[in-house]
Every structure is written in C-alpha cells, then in structure tokens.
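Be aware that the sequence shown starts at 28, since it is given in the working numbering, and climbs by one per residue.
Reviewing the structure listed below.
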Amino acid sequence: MMIETARLIVRTFREEETEALYRIKTDPQVMEFCPDFLDVDAGPADMQGYIRAFRKIEEDGDTDAWRCYAIENKGTGEVMGALSFCKQNMLHEYDLGWMMIGTYTGKGYASEAAEAFAEDFCRAHGVDYLTVVMDTDNPASRRTAEKSGFRLFEKRTVYDYHYNRYCDDYYYFRRYWSGCTLKDRYYGDSPYYGRSTSDASEESCGRSADHLNGSSA
Numbered sequence: 028m029m030i031e032t033a034r035l036i037v038r039t040f041r042e043e044e045t046e047a048l049y050r051i052k053t054d055p056q057v058m059e060f061c062p063d064f065l066d067v068d069a070g071p072a073d074m075q076g077y078i079r080a081f082r083k084i085e086e087d088g089d090t091d092a093w094r095c096y097a098i099e100n101k102g103t104g105e106v107m108g109a110l111s112f113c114k115q116n117m118l119h120e121y122d123l124g125w126m127m128i129g130t131y132t133g134k135g136y137a138s139e140a141a142e143a144f145a146e147d148f149c150r151a152h153g154v155d156y157l158t159v160v161m162d163t164d165n166p167a168s169r170r171t172a173e174k175s176g177f178r179l180f181e182k183r184t185v186y187d188y189h190y191n192r193y194c195d196d197y198y199y200f201r202r203y204w205s206g207c208t209l210k211d212r213y214y215g216d217s218p219y220y221g222r223s224t225s226d227a228s229e230e231s232c233g234r235s236a237d238h239l240n241g242s243s244a
C-alpha cells in the first residue's frame, strides 16, 4: 500500500526499518498514551516480526487485521511516525490511530497522513467512515483528529486502569469520506418525534434506520 500527499508517503513498512519502528514505539509521548503499542514489553529484536506480520497482512489483502503503516517524509525519506489501523471486534468499525516521533510533532504530518489514508481506504472499500478514539487528556491528538477531518461524535466512559494509567473517559471521533451520501451522520442531525403517533413513528424509524446504517459500516 502506498499513498502520496504533498509532503508524505504513507506506505507499508520495509523489512529493514526495524530501528525506525522501535523509535516510534519508545517515543515518550507514544509510551504515555499508547503504552501497549506493539506490546508493552516488545524490544528491538521483536520489530522484525511485527514488520513481517504487517507485510503479510497487506499481501493477503486482509482489510480487518491490525497493522501499521510508515509515515515517510517525501523529501528526506525518513520514517517520522506510523498509522495504526484495524477493524474493531466489538463495534465492527474501522479504527485509525497515529504515533509520531517527538521531533516531528506539531508540523501537521500526522493529520496530513490520516486525512489521506481515510479518504483512500473509504473510497477503495466502500466504507462510509473511520473512527478515532483517544484519551480525553490528550489535546494534541484531538487537534490532529480535527485537522484531518474527524468530528467528535461522543465522549465515552470506560473506567479502566492498566499499565499504571487510569483512563475513565475517552473521545470517540468519526470521519465520513467525501463521497459518502448518508444524510444522518451524527446524533442531532435529524429531529426525533417519539412514538406517540403512527405517522411520526414511521418517519422517525426511517430516519433512525438511515442513521444505524451509518453506524454499522
């Protein structure tokens, strides 16, 4: 897979890029918000196995399995970060994430890569939208989501604690691709009249079904 933007190439990791992948995994900001990225105990020697797994997923044409793509600077050839992507088991939604090496943050690279990937994947596979989830205590990632066209759908509470980090709230974003024809994309896009009359019930059911179709892509 390869997607080209004005400044970037988003592509499959190459087998020799183990050091770049490990730099991403061990970046302080990545460790803070994604401590289990590539497994919490994964070391340099494990990177080759991950890259081979990513490449096999691409070769097999598996659109659902979890994998990562390199974010390459088109001008220098450096790998500056990664996009992670998979189909979530419970909600069956395609979820996107990003991890950048600290020296390359704040320059719009992550949002440029995310926007390009979201458009390309949805167009190629007939998917209406992608999702992004993040800790509410991560404003930089929220800005990245908004810059790449994601819109806050809701705030969710999970009450979770792992890897010495307490996470009780997270943001859930969606980004509908530019060719999507769904009318009802977010809660509140259409009025709800309740079930008091048959006419109102039929109308609201039709609109609700349209909304649910957008939620199960």
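Where is the CB? At the ideal position from N, CA and C, for every residue including glycine.
In whole angstroms, what separates the C-alpha of A172 from that of E99? Taking the sequence shown and counting its residues from 1, one reaches residue 172 at position 145. Taking the sequence shown and counting its residues from 1, one reaches residue 99 at position 72. The alpha-carbon of A172 is positioned some 19 Å away from that of E99.
Unbroken beta strand (DSSP E) run spanning K83, endpoints: Translated into the one-based positions of the sequence shown, residue 83 becomes position 56. It is not in any beta strand (DSSP E) - K83 instead sits in the alpha helix (DSSP H) that spans 74-87.
I need the straight-line Cα distance from I78 to K210, nearest angstrom please. Numbered from 1 along the sequence shown, position 51 holds the residue referred to as residue 78. Numbered from 1 along the sequence shown, position 183 holds the residue referred to as residue 210. One C-alpha to the other measures close to 39 Å.
Rounded C-alpha distance that separates S205 from L157: Within the sequence shown, numbered from 1, the residue matching residue 205 stands at position 178. Within the sequence shown, numbered from 1, the residue matching residue 157 stands at position 130. Per the coordinates, the alpha-carbon of S205 lies some 12 Å from the alpha-carbon of L157.
Since V57 is in the alpha helix (DSSP H), which residue starts that stretch and which ends it? Counting from one through the sequence shown, the residue named residue 57 turns up at place 30. Its alpha helix (DSSP H) spans residues 55-60.
Who are Y156's beta bridge partners in DSSP? Mapped onto the sequence shown, residue 156 falls at position 129. Partner(s): Y203.
Taking the Cβ atom as the reference point for each residue, do Y32 and E139 lie within a distance shorter than 8 Å? Residue mapping note: residue 32 aligns to position 5 of the sequence shown, counting from 1. Residue mapping note: residue 139 aligns to position 112 of the sequence shown, counting from 1. Just to set this straight, residue 32 is Thr in the shown sequence, not Tyr. Cβ atoms of T32 and E139: closer than 8 Å.
Backbone CA spacing between I51 and L65 [nearest angstrom]: Your numbering for residue 51 matches position 24 in the sequence shown. Your numbering for residue 65 matches position 38 in the sequence shown. Between I51 and L65, the C-alpha separation is close to 10 Å.
Exposure label - V67; buried when at least 16 CB within 10 Å: The residue labelled residue 67 in the question sits at position 40 within the sequence shown. Its Cβ having fewer than 16 others within 10 Å, V67 is exposed.
For the ligand MG, any of its heavy atoms closer than 7 Å to the Cβ of E42? The ligand content of the structure shown is nil, which means the ligand MG is not present either.
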